[in-house]
Amino acid sequence: MVFPGEVTSNAFPQTTVDAVLAHMNGDHPDDNVLIVRAFLEPKAEAATMIALDGTGGEWTWTVDGTAAGGRVPWPAGTITERGEIRREVVALYDAACARLGVEPRPHD
Numbered sequence: 001m002v003f004p005g006e007v008t009s010n011a012f013p014q015t016t017v018d019a020v021l022a023h024m025n026g027d028h029p030d031d032n033v034l035i036v037r038a039f040l041e042p043k044a045e046a047a048t049m050i051a052l053d054g055t056g057g058e059w060t061w062t063v064d065g066t067a068a069g070g071r072v073p074w075p076a077g078t079i080t081e082r083g084e085i086r087r088e089v090v091a092l093y094d095a096a097c098a099r100l101g102v103e104p105r106p107h108d
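For what it's worth, UniProt numbering labels the leading residue of the sequence shown as 1, then goes sequentially.
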């Protein structure tokens, strides 16, 4: 049972999720690879963000033609607001760059 005000893992409407996934996969495919390499699979050759909710994001990737998938929690913990998604994805990107020794690009 979910009580009013209780955070659930699917805190965002599907239209919001679809928009974020389209943006990440269309405009930031290299960022997806960095996040996956830093937190899930260091040998990932390609990566696609496939889902997100209030507790984290999910990616699929390939290594030598073999597909796999996994989840990375948001750095700040559970989120509930649309604007927090960008903040958390940027935080994941920055943390991935730091972990991999890559210079992050500036954020607009």
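Virtual Cβ for every residue (Gly too), placed ideally from N, Cα, C.
Owing to the predicted nature of the structure, the values given are computational and were not obtained by experimental measurement.
Annotated three-state conformation of I85 is helix, per DSSP. D94 carries a helical assignment under DSSP once its states are collapsed to helix, strand and coil. Counting of Cβ neighbours within 10 angstroms places L100 among the exposed residues, the total staying below 16.
A95 and G56 have their C-alpha atoms spaced approximately 14 Å apart. By DSSP's assignment, D30 forms no beta bridge with any residue.
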